[in-house]
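Protein chains in written order, with my numbering: chain L, 4 to 141; chain Y, 4 to 141; chain F, 4 to 141; chain G, 4 to 141. In this text, a Cβ means the ideal position worked out from N, Cα and C, and glycines have one as well.
4 protein chains.
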Amino acid sequence: MAAFTHEITVGWADCDPAAIAYTGRIPYFALEAIDAFWREVVGADWYALNLDQNIGTPFVHLSLDFSAPVTPRHKLACAVEVARLGATSISFSVTGSQDGRTCWTGSFTCVFVVSDTMTPREPPTEIRARLAPLVADR
Amino acid sequence: MAAFTHEITVGWADCDPAAIAYTGRIPYFALEAIDAFWREVVGADWYALNLDQNIGTPFVHLSLDFSAPVTPRHKLACAVEVARLGATSISFSVTGSQDGRTCWTGSFTCVFVVSDTMTPREPPTEIRARLAPLVADR
Amino acid sequence: MAAFTHEITVGWADCDPAAIAYTGRIPYFALEAIDAFWREVVGADWYALNLDQNIGTPFVHLSLDFSAPVTPRHKLACAVEVARLGATSISFSVTGSQDGRTCWTGSFTCVFVVSDTMTPREPPTEIRARLAPLVADR
Amino acid sequence: MAAFTHEITVGWADCDPAAIAYTGRIPYFALEAIDAFWREVVGADWYALNLDQNIGTPFVHLSLDFSAPVTPRHKLACAVEVARLGATSISFSVTGSQDGRTCWTGSFTCVFVVSDTMTPREPPTEIRARLAPLVADR
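This is the structure:
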């Protein structure tokens, strides 16, 4: 299963005085890629899930390993995979690369909740049906 | 050894439509606390280290576990500890809490480099002398 | 009437490759100072106004003139004044300075609304009572 | 002359508890559109101008008028026009609209400088040649 890829244009605004993307921007990029995955692969982004379906997916964990700086010289390709789909949780692997070189890899775990009460819930059947085939073989 | 604590005022600007601090803001808060540690405990923040001493400390790893939402209702106390001091690397533990309740815990590892060439180096003697006594007993 | 002053610690995270605070950060700083004014002078910040009192103050205008770069070398002092208080609107003047030198000046106009319907309203009597004496003599 | 248009996907990360894009994000969006104008119309973005040509374009003024909230429900189309081209300065008009409705309009003035000394300069001939035909008739 090919990973979903979200492309980001890195700019001056993202860079610090070392002339590379500021470390704090990398989690933002990864989260933007996961939100794009929801919108383009599942059919509803975080905004629509929360406001229209009263479903939230708060994060309980994230980790990132950095292997090369991110700069505005190339597009940043963010590949998103579903690493694990639990009863009430989902884990993503996200890899950021520029010009074919991996810059960082990350792991992200979210839980499904009823938005307005923050109580755990299972994802709706139609969302599970879209996610299940995408779980990466490991 | 008491941890250094950096206090952050969380505001409307930090919050998403769920009325809690956006996930992507939490790494920013933790990094802000580490930069404050450099400034207030070591005596030079990232800006001064880079521009005045040509020393950079790029991140090679970060991870965060989230246990409670962050909101503007209370100050966010960020406790920073030196978890490990290697020959050319340093690891921090950062814990964010509000009103006495832990909201998130994080681990962060940086390497010491010559800023303009990004080659690894040992920290200067006077910086090591300030950091060494702070390494947390584990 | 002395202006309310909100102090900001500018850091590496705020700076771009020119080693000065990124232009887009300046409106953030000014808005942070206005939110601090609400919290510390009026007694309720934007978060409390919206969530507890169903009052919003969306912006209809902002303008900024920049006269000197902002850097992490000094604290950024943001002086907030009430320039005008209308029936359903309020205008602020905000000046940012470092080490006694003005870096930027800004004008900001907000309208008072019922948050959940976004319809204009007058501010509550007790809020007007706190704001009225602060209107700058011009 | 049709304006250059830069499209932005607004997301959860950009929104505040009022479920609309936070005011402080709007200047970011406008600046992102201007940086895209440099990259796609002139051929070098702020990063390349600064690092490769030692040319900076710091802002001396910005103003924004807001007429409708920005949300993730539609793409944000940012139309960028050159309003004025002076000897050592340039002014842009930027209009943000969603689903055909104007959300905000902005004016932005920058000066051309030698990056490393921050002294004013004229833009290079080839950059002026690209910009001059784009100045909006008023």
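Between Y/Ala21 and chain L, is any beta-carbon pair separated by less than 8 Å? Working through the second sequence from its first residue, we reach residue 21 of chain Y at position 18. Judged by the 8 Å Cβ criterion, Y/Ala21 is in contact with chain L.
Considering only residues of the same chain and omitting the five flanking positions on each side of F/Asp19, which have a CB-CB separation below 7 Å? Residue numbering aside, residue 19 of chain F sits at position 16 when the third sequence is read from its first letter. So the list reads Tyr25, once near-sequence residues are dropped.
Secondary structure of L/Glu129, DSSP reduced to three states: By one-based count along the first sequence, residue 129 of chain L stands at place 126. Here L/Glu129 sits in helix by DSSP.
Would you call the stretch 53-70 of chain Y and the stretch 21-41 of chain L touching, i.e. three or more CB-CB distances under 8 Å? yes
Using C-beta distances below 8 Å, list every residue in its chain close to F/Ser92, excluding the 5 sequence neighbours before and after it, in chain order. Looking up residue 92 of chain F in the third sequence gives position 89. If we look at F/Ser92 and ignore the five residues flanking it on each side, its Cβ neighbours are Val63, Thr112, Cys113, Val114, Phe115.
Over the uninterrupted alpha helix (DSSP H) stretch that includes F/Arg28, give me the two end residues. Your numbering for residue 28 of chain F matches position 25 in the third sequence. Start and end: 28-40.
Kindly indicate which three-state DSSP category Y/Pro123 falls into: helix, strand or coil? In the second sequence, residue 123 of chain Y corresponds to position 120, counting from 1. In this structure, Y/Pro123 counts as strand in the three-state DSSP scheme.
What is the rounded straight-line gap between the Cα of Y/Ala27 and the Cα of L/Tyr31? For the purposes of this step, residue 27 of chain Y is taken as the residue at position 24 of the second sequence. For the purposes of this step, residue 31 of chain L is taken as the residue at position 28 of the first sequence. First, the residue type needs correcting, since residue 27 of chain Y is Gly and not Ala in the sequence shown. Taking the straight line joining both Cα atoms gives about 5 Å.
Applying a beta-carbon distance threshold of less than 8 Å, which residues of chain L neighbour G/Asp48? Residue numbering aside, residue 48 of chain G sits at position 45 when the fourth sequence is read from its first letter. Within chain L, the residues near G/Asp48 are Gly14, Trp15, Pro75.
Is there a Cβ of chain Y sitting closer than 8 Å to that of F/Glu35, yes or no? Indexing the third sequence from 1 puts residue 35 of chain F at position 32. Yes, its Cβ sits closer than 8 Å to a Cβ of chain Y.
Neighbour list for Y/Pro123 in chain L, Cβ cutoff strictly below 9 Å: Numbered from its first residue, the second sequence carries residue 123 of chain Y at position 120. Those within 9 Å of Y/Pro123 in chain L number zero; the least Cβ separation is about 14 Å.
Less than 8 Å between CB atoms is the rule here; does G/Leu67 satisfy it with respect to chain L? Mapped onto the fourth sequence, residue 67 of chain G falls at position 64. For G/Leu67, the answer is no, since every Cβ of chain L falls outside 8 Å of its Cβ.
Is it buried or exposed for F/Glu35, if we count other Cβ within 10 angstroms and need 16 for buried? Here residue 35 of chain F corresponds to residue number 32 of the third sequence, with the count starting at 1. Classification for F/Glu35: buried.
Kindly indicate if chain L contains any beta-carbon less than 8 Å away from that of G/Asp102. Translated into positions along the fourth sequence, residue 102 of chain G becomes position 99. So no, G/Asp102 is outside the interface.
If you compare alpha carbons, which of G/Ala82, G/Arg76, G/Ala16 is closest to G/Trp107? For the purposes of this step, residue 107 of chain G is taken as residue 104 along the fourth sequence, with counting starting at 1. Looking at the Cα atoms, G/Ala82 is the closest of the given residues.
Near-chain G residues of the stretch 89-100 of chain F - C-beta to any C-beta below 7 Å: none
Run through the stretch 74-118 of chain Y for me and flag every whole beta strand (DSSP E) of 3 or more residues, listed as ranges in chain order. 79-88, 92-101, 104-114
Applying the criterion that 16 or more other CB atoms from any shown protein chain within 10 Å of the CB defines a buried residue, is L/Asp102 buried or exposed? For the purposes of this step, residue 102 of chain L is taken as the residue at position 99 of the first sequence. Looking at its Cβ environment, which holds fewer than 16 other Cβ atoms inside 10 Å, L/Asp102 is exposed.
Taking the CB atoms as reference points, tell me whether L/Val85 and L/Ala139 lie closer together than 8 Å. The count along the first sequence starts at 1 and reaches residue 85 of chain L at position 82. The count along the first sequence starts at 1 and reaches residue 139 of chain L at position 136. The answer is yes: Cβ separation under 8 Å.
Can you give me the Cβ contacts of G/Asn53 inside the same chain, cut-off strictly under 6 Å, excluding the 5 residues immediately before and after it? The residue you call residue 53 of chain G lines up with position 50 of the fourth sequence. So the qualifying residues of the chain are Gly59, Ser118.
Under the three-state reduction of DSSP, which class applies to F/Val45: helix, strand or coil? Along the third sequence, one-based indexing puts residue 45 of chain F at 42. F/Val45 falls in the helix class under three-state DSSP.
Chain Y residues whose Cβ lies nearer than 8 Å to that of G/Tyr25: Looking up residue 25 of chain G in the fourth sequence gives position 22. Going along chain Y in sequence order, the residues near G/Tyr25 (Cβ under 8 Å) are Trp15, Ala16.
Would you report the Cα separation of Y/Gly109 and Y/Gly99, rounded to the nearest angstrom? Stepping through the second sequence from its first residue, residue 109 of chain Y is reached at position 106. Stepping through the second sequence from its first residue, residue 99 of chain Y is reached at position 96. Those two C-alpha atoms are separated by around 8 Å.
How many angstroms separate the CA atom of F/Val73 from the CA atom of F/Leu79? In the third sequence, residue 73 of chain F corresponds to position 70, counting from 1. In the third sequence, residue 79 of chain F corresponds to position 76, counting from 1. Spanning the two alpha carbons is a distance of roughly 8 Å.
Show which residues of chain Y have a CB atom less than 7 Å away from the CB atom of F/Leu79. In the third sequence, the residue the question calls residue 79 of chain F occupies position 76. Neighbours of F/Leu79 on chain Y: none; closest Cβ ~13 Å, over 7 Å.
F/Ser66 - containing beta strand (DSSP E), residue span: Numbered from its first residue, the third sequence carries residue 66 of chain F at position 63. Start and end: 62-69.
Can a CB atom of chain Y be found closer than 8 Å to the CB of F/Asp119? On the third sequence, position 116 is the one that residue 119 of chain F refers to. Not one chain Y Cβ lies under 8 Å of F/Asp119.
Can you confirm whether L/His9, when its beta carbon is compared against all beta carbons of chain Y, has any partner nearer than 8 Å? Here residue 9 of chain L refers to the residue found at position 6 of the first sequence. Chain Y, which has no Cβ nearer than 8 Å to the Cβ of L/His9, makes this no.
What in chain L is Cβ-close to Y/Pro126, meaning under 7 Å? By one-based count along the second sequence, residue 126 of chain Y stands at place 123. Those within 7 Å of Y/Pro126 in chain L number zero; the least Cβ separation is about 17 Å.
Does any C-beta atom of chain Y lie closer than 8 Å to the C-beta of F/Pro38? Translated into the one-based positions of the third sequence, residue 38 of chain F becomes position 35. Correcting the residue identity first, residue 38 of chain F is Asp in this sequence and not Pro. Cβ-Cβ to chain Y under 8 Å: yes for F/Asp38.
Establish whether the CB of Y/Leu54 and some CB of chain F are separated by less than 8 Å. Here the question's residue 54 of chain Y lines up with position 51 in the second sequence. Yes, Y/Leu54 counts as interfacial toward chain F.
Just to make sure I have the definition right: I need the residues of chain L whose C-beta is within less than 7 Å of the C-beta of Y/Phe62. Which are they? Counting from one through the second sequence, the residue named residue 62 of chain Y turns up at place 59. Chain L residues near Y/Phe62: Thr26, Phe69.
Any idea if F/Val13 is buried or exposed, counting beta-carbon neighbours within 10 angstroms, 16 or more meaning buried? Taking the third sequence and counting its residues from 1, one reaches residue 13 of chain F at position 10. Its Cβ being crowded by 16 or more others within 10 Å, F/Val13 is buried.
Is it true that the CB of L/Ile130 sits closer than 8 Å to the CB of L/Val44? Locating residue 44 of chain L in the first sequence gives position 41, counting from the first residue. Locating residue 130 of chain L in the first sequence gives position 127, counting from the first residue. In this structure, L/Ile130 does not lie closer than 8 Å to L/Val44 by Cβ.
Let me see if you follow: with CB-CB separation under 8 Å, is Y/Pro136 close to chain L or not? Locating residue 136 of chain Y in the second sequence gives position 133, counting from the first residue. False, the Cβ-Cβ gap to chain L never drops below 8 Å.
Can you tell me the Cα-Cα spacing of Y/Ala135 and Y/Phe7, whole angstroms? Indexing the second sequence from 1 puts residue 135 of chain Y at position 132. Indexing the second sequence from 1 puts residue 7 of chain Y at position 4. Computed Cα separation, rounded: 14 Å.
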